[in-house]
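Shown next, in structure tokens, is the structure this report addresses.
Number of protein chains: 2
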Amino acid sequence: MSNGEPRSAVTGTLPIDDRTKVHRYHWLQLTERSDLYDVLDAGLVAHVGFVTDAGPMVIPMAYARDGDSLLMHGSTAAGVNRGAGAGLDLAVTITILDGLVYAASLYDSTLNYRCATVFGRAEPVPDAQKETAVRLISERLMPGRWAEVRPPTKKELAATRVLRLSLESASVKVRSGPPSDEPEPGVWTGELPLHTSVGVPIRQAGVTAEVPESVSAAQVHLAGHLGEGRE
Amino acid sequence: MSNGEPRSAVTGTLPIDDRTKVHRYHWLQLTERSDLYDVLDAGLVAHVGFVTDAGPMVIPMAYARDGDSLLMHGSTAAGVNRGAGAGLDLAVTITILDGLVYAASLYDSTLNYRCATVFGRAEPVPDAQKETAVRLISERLMPGRWAEVRPPTKKELAATRVLRLSLESASVKVRSGPPSDEPEPGVWTGELPLHTSVGVPIRQAGVTAEVPESVSAAQVHLAGHLGEGRE
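See the structure below:
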């Protein structure tokens, strides 16, 4: 976990209301706050939805959980950062696809996944907290890299935008395991697991330095986060 | 590709307007229609954004490309299907995360990804075309499975909702390769590729049938689609 918070310390339930209630397959909804944090801590990219003058927009953003809020860093395109200054309402969805579920009929076949959506108005992280925020996101995506390279300059921080979104309002939906219906004679039914796996590091042309600790560690870190170790 | 269309047959460019123009890192925008189809044919889950009375919403949906349109199948929660009957405006984003890019500074470090967003009003697929639509999505996610199991019943098709969204308005953004800045002496810089990989099939308890052709084929099919072969 990005902030080193012990999982057992997370208690409480998520409020269920008109916005957070799952309607379709409602029995897949999880309501513990720890369920939410588990999904957020397992994904790498959030899909951030908001409304522009031209209609809805959804953009991918890198993120990290910081205790009871989400820090998001990414493209300033399409007004998400401009609008967020004015308290733009967001729906932020993180989905991890865990597998294909082969049932005896296609109708009952489905996907295994972990999905969380966080709702609310994000705020820009103030200048004084920006370095800490950038570091949390960096440690999440590239653990250990912060210590290996020079710190960000003031100019770089000034050009960086990070949004903070409270985790107050959120909904979690998780499907796992075999098909829900009973097996039929003569038909193979079951799951085909999907993982995100990490390849061999590719060094930039002209680089002579050895692969650093952070890159080797990322192979372990990401594999764990992304579910490779769940089989 | 789900519809067997030869890639070389896809020509033409995507219209650039206020909604589809990429602002941040605009040089990463691709404008060939074939670029769009490549991204759509490589992803498995779309993040569908729309506006509800309570604010923006983003939900994951399974999808398949059918020529010049996108077929989407998934949760009917949160009004996307109800609203779509009335021509609900959508932003549908498909993102494939291809790797982490380690630059000499964290500021210049980034992600490699392929991302496409399709904009527009979806329409429910009419009853007469529903079986074909369901089959295309099925063949995309579980190729060959359609031939191994019984066809959907009328009742199942009646309970199924599929949306069709034209690919007329869309934007594509792709980053690949090493860091953009020159390497610095003594600092390792480069890429750490990420892939989606397919695990070993897990048979449902009580099943005695052998792993079928469709499940074995999926291991190859998905690996190719999802970029495992791109290293």
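Those protein sequences? They're chains A and B, same order as listed.
As numbered in numbering that gives the first Met the number 0, the first sequence has no gaps in its residue numbers, which increase by one up to the final residue, 230.
As numbered in numbering that gives the first Met the number 0, the second sequence has no gaps in its residue numbers, which increase by one up to the final residue, 230.
A virtual CB, placed ideally from N, CA and C, is assigned to each residue, including glycine.
Between the alpha carbons of T159 of chain A and V219 of chain A lies a distance of about 28 Å. A straight line joining the alpha-carbon of E183 of chain A with that of A103 of chain A spans about 6 Å. Three or more pairs of CB atoms, one per stretch, sit closer than 8 Å, so the segment 170 to 183 of chain B contacts the segment 89 to 106 of chain B.
Contact note: R32 of chain B does not reach chain A at a C-beta cutoff of 7 Å; the least C-beta distance is about 21 Å. Secondary structure remark: continuous alpha helix (DSSP H) runs of at least 4 residues inside the segment 89 to 150 of chain B, in chain order: 126 to 140, 144 to 147. Against chain B, the CB of W26 of chain A has no partner CB under 8 Å away; the residue lies outside that interface. For S179 of chain A, not one C-beta of chain B is nearer than 8 Å to its own C-beta. When C-beta distances to chain B are compared with 7 Å, the residues of the segment 137 to 154 of chain A below that value are S137, L140, M141, R144, W145, V148, R149, P151, in chain order. For the segment 202 to 223 of chain B, the residues whose beta carbon sits under 9 Å from a beta carbon of chain A are, in order, R202, Q203, A204, G205, V206, T207, A208, E209, V210, P211, S213, V214, A217, Q218, L221. No residue range can be given for K20 of chain B, since it is assigned to no beta strand (DSSP E) and is classified by DSSP as neither H nor E.
Among the CB atoms of chain B, one or more fall inside 8 Å of the CB of D17 of chain A.
Taking the beta carbon of G11 of chain B as reference, no residue of chain A falls within 7 Å; the closest one sits roughly 22 Å away. About 6 Å separates the CB atoms of P59 of chain A and H46 of chain A; that is less than 8 Å, so the two are in contact. Contact annotation for E167 of chain B against chain A: no contact, minimum CB-CB distance about 14 Å [criterion: below 9 Å].
Collapsing the DSSP output to three states places E190 of chain B in a strand. Residues of chain A with a Cβ closer than 7 Å to the Cβ of G185 of chain B are, in chain order, A208. DSSP places D65 of chain B within a strand segment (E or B) once states are collapsed to three. Apart from the 5 residues on each side of it in sequence, D97 of chain B sits with its Cβ closer than 7 Å to the Cβ of N111, Y112, R113, S175, P192, L193, G226 in its chain, given in chain order.
Non-local C-beta neighbours of L221 of chain B in its own chain, meaning closer than 6 Å and more than five positions away in sequence, comprise V197, ordered along the chain.
Per the coordinates, the alpha-carbon of V186 of chain A lies some 38 Å from the alpha-carbon of L89 of chain B.
Minimum Cα-Cα distance from R32 of chain A among the listed residues A:P14, A:R144, A:M141, A:R18 corresponds to A:P14.
Leaving aside the five residues that flank K172 of chain A on each side, the residues in its chain whose CB is nearer than 6 Å to its CB run, in chain order, V21, L27, Q28, C114. If you ignore the 5 residues before and after T131 of chain A, its C-beta comes within less than 7 Å of no other C-beta in its own chain. R174 of chain A: not part of any alpha helix (DSSP H); member of the beta strand (DSSP E) spanning 168 to 174, first to last residue. Taking 8 Å as the threshold, the shortest C-beta distance from L70 of chain A to chain B does not fall below it. Secondary structure at A157 of chain B: helix, using DSSP grouped into helix, strand and coil. If you draw a straight line from the Cα of S68 of chain B to the Cα of S165 of chain B, it comes to about 4 Å. By the criterion of a C-beta distance shorter than 8 Å, G11 of chain A is surrounded in its chain by E31, R32, once the five residues flanking it on both sides are discounted.
Under the 10 Å beta carbon count, T152 of chain A is surrounded by fewer than 16 other beta carbons and is classified as exposed.
For T92 of chain B, the chain A residues whose C-beta falls within less than 8 Å of its own C-beta are H46, V57, I58, P59, listed in chain order. Here DSSP, grouped into helix, strand and coil, assigns E212 of chain B to helix. Between A41 of chain B and V117 of chain B the beta-carbon gap is near 14 Å, outside 8 Å, which marks them as no contact.
As computed with DSSP, A45 of chain A is found in a beta bridge with A:M60.
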